[in-house]
Amino acid sequence: MDARVSDLFDSGNGRNPGSSSAVPSNSSRPTKWHSVPLKKSSSKKNKRSSKSLLSFNLKPSNNAPYLPPENEEGNVEYKLKLVNPTHYRFEHLATQMKWRLQEGRGEAVYQIGVEDNGMLVGLSEDEMRASLKTLRRLAEKVGADITVLQEQEVDYDTDVPRKIAEVLVRKVPDDQQFLDLRVAVLGNVDSGKSTLLGVLTQGELDNGRGRARLNLFRHLHEIQTGRTSSISFEILGFNSRGEVVNYSESRTAEEICESASKMITFIDLAGHHKYLKTTIFGLTSYCPDFAMLVVSASTGIAGTTREHLGLAMALKVPIFIVVSKVDLCTRATVERTVRQLERVLKQPGCNKVPMVVESTNDAVTAAQQFAQSPNITPIFTVSSVSGESLDFLKVFFNIIPPLSNSKAQEELMQQLTEFQVDEIYTVPEVGTVVGGTLYSGICREGDHLVVGPTDSGQFKELSVGSIQRNRSACRVLRAGQAATLALGNFDRSLLRKGMVMVSPEMDPTICWKFEAEIVLLFHTKTFHKGFQVTVHIRNVRQTATVEAVYGKEELRTGEKAVVLFKFIKQPEYLKVGAKVLFREGVTKGIGHVTKLQPICPHQASQSENEGA
């Protein structure tokens, strides 16, 4: 646990709350070609863009500009040129492209005009045209499409202009196995989160009075107040050519899934402080890949903005920022809000590198640097009414790669099935339906699983009926994917949020008590034995009592210790190493599970009866 995380939410030591990060610095990642010296442009706009692109991760060189040597693993491939390859060479290149696509879970990036050692040689106009034609033929052979992200001239001591190109290769979807990324949407109340999602997913601009957000609300009181109180999900698709697929052209979610190669699932969370437990549950349970913090340009950092920023960084969720409502403010006000954000992000505990996105090239660079280094924090300035800079945000979502590679996903798929129950529904003519995330293994229609623990610590047998992903039918669910499962006539009263559905061979461990190494982020007084807190561990949310603080009588803000917790209502299924976040009023802390005290089912029942 990084010691700097103790500064989060600490307003008593002169620092801004939420301005620290548990994310370690990482500048050893490879740098993209557009972060090296390029030829100067005569356009003022291009000059400003180049300045933003060259503001970090530069490597000094007395010779030609270069990149780190090509990595044999990963989804990035360097090619000097692809001009008239022989039949044997073409087949080899096609096999190589399949490998890169597999490594990137359906996406690969080709750097054309770059040698394997990373030197940016560049190609002439004719060579570049021929190379892109060959690349397009390769993509067609393996069932993919290509999109040229950007081209740049390089200075290679020659009078003939030479270019390098960055090309995105994306597989055409088959059997609904599209790439799915989850983005948690955070921000203070009235910052424009739901409106922004409405504009992105519906394809129509807002009228300035909140029309775009109406389709996202789930309850009448949300429509009446205009404030989100529950967790809702919205989808934004991109096809194999990088074009946006949303409800403007597709009537149903099923049509979007059929035509999309890449899906962005937005998890719209509540901004009001009284719904904080719902927001924390969304961050801990739904396992978002990234977090989007929405900040109003007119109000700046206010309300729960700092707290949401701190939560995302404490849980090590990569975060980027969208400054909304720029149409309501002068340019000076927008710049003041951006400077305010930059100051918070650059503070010692936070250690972030803000990157303001002002062009399409900036958006491409930001997406790749953001996925490679947790320090980079892109900042977008958009308007949901005028549509200003929304295209840059769409480019960012189109390019951003998954954090995990295919190897990590395959390892999870080899494990036994474990599905987290996050939502429970009763659907007419279908029966009981549960929603959640498949943490490990593979789940198919007709699989026999066990669900629990119940209040008595038992696991009940059930059978999986149909499966739906993003509201469309799905035959096979793989590790890391979110879905809803139909359970037929299974008694809904036996289910609750926080349960897991696991393979019968797993022999799941349940416990009343567990030990965790924690850091107390903020507390007004002291943290001691007998203190009660609400504990969040993945999809588990329950009140627990502090049974013991090992080695200390009490804890104060910023201190670390191993603490024994005991659940007060029912036993839970936990795993060693799982992240722990607990809260009670202004008290907040974070840590990880270090030891479980497992119990047998009859012990769980006995303990429950004693507690009653």
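One gets the numbering used here by counting positions in the sequence shown from 1 and adding 7 to each. We put the CB at the ideal spot given by N, CA and C, even for glycine. These numbers come from a predicted model, not from an experiment.
- Looking from the CA of I544, the closest CA among R590, V351, G317, K532 belongs to R590.
- Across the structure, I386 and D454 are spaced so that their CA atoms are roughly 44 Å apart.
- In the three-state DSSP reduction, M362 falls in the strand class (E or B).
- An exposed status is given to R451, since fewer than 16 other beta-carbon atoms sit within 10 Å of its beta-carbon.
- Contact between L588 and T291 holds, since their C-beta atoms are separated by about 6 Å, short of 8 Å.
- Counting C-beta pairs with one atom in each stretch, the stretch 298-309 and the stretch 191-206 have three or more that are closer than 8 Å, which means they touch.
- K595 sits buried, since 16 or more C-beta atoms from the chains shown fall within 10 Å of its C-beta.
- Less than 8 Å divides the Cβ of V333 from the Cβ of V341.
- When secondary structure is reduced to three states using DSSP, G459 falls in the strand class.
- By the beta-carbon neighbour count (other beta carbons within 10 angstroms, threshold 16), N477 is buried.
- Listed as beta-bridge partners of M270 by DSSP are D187, G244.
- By the C-beta criterion, the stretch 534-541 is judged not to be in contact with the stretch 492-509, since fewer than 3 inter-stretch pairs fall below 8 Å.
- Separation of S411 and D166 (C-alpha to C-alpha, rounded to the nearest whole angstrom) is 43 Å.
- If you compare the alpha carbons of E579, V440, R144 with that of F466, the shortest gap goes to E579.
- Under the DSSP assignment, G289 falls in the alpha helix (DSSP H) whose first and last residues are 283-292.
- Judged by pairs of C-beta atoms under 8 Å, the stretch 556-574 does not touch the stretch 482-493, as fewer than three such pairs exist.
- Boundaries of the alpha helix (DSSP H) around F377: 367-379.
- Secondary structure note for S198: it is in no alpha helix (DSSP H), with a DSSP letter that is neither H nor E.
- Here T272 is not near F297, since their CB atoms are 8 Å or more apart.
- Selection M320, D123, E122 evaluated against C357 yields M320 as nearest (Cα-Cα).
- Closest in C-alpha terms to P511, from the list A493, F327, L456, L318, comes L456.
- Cα atoms of P295 and E147: separation of roughly 32 Å, rounded to the nearest angstrom.
- When the alpha-carbon of V600 is set against those of A374, Q375, G584, G194, the nearest one is in G584.
- C450 is bridged by DSSP to L484.
- Per the coordinates, the alpha-carbon of Q347 lies some 49 Å from the alpha-carbon of A101.
- Ranked by Cα distance from S247, the first of S331, G278, C336, T154 is T154.
- Each residue's CA atom was taken as its position, placing I407 and A374 some 5 Å apart.
- Residue burial is scored here from C-beta neighbours: A172 has at least 16 other C-beta atoms within 10 angstroms and is therefore classed as buried.
- Sixteen is the threshold: since fewer than 16 other Cβ atoms of the shown chains lie within 10 Å of the Cβ of E80, the residue is exposed.
- The beta-carbon separation of V458 and L445, rounded to 14 Å, does not stay under the 8 Å limit for a contact.
- Looking at the DSSP output, T552 sits in a beta bridge with Q539, K573.
- In this structure the stretch 358-365 does not lie against the stretch 276-292, because fewer than three pairs of beta carbons, one per stretch, are closer than 8 Å.
- Residues G505, T541, V542, F574, I575, K576, Q577, E579 of the same chain have their beta carbon placed closer than 8 Å to that of Q549, with the five preceding and five following residues left out of the count.
- V437 has its alpha-carbon roughly 40 Å from the corresponding atom of A378.
- Cα atoms of E114 and K170: separation of roughly 23 Å, rounded to the nearest angstrom.
- For a cut-off of 8 Å, the C-beta gap from G194 to G307 is around 12 Å, too long to register as a contact.
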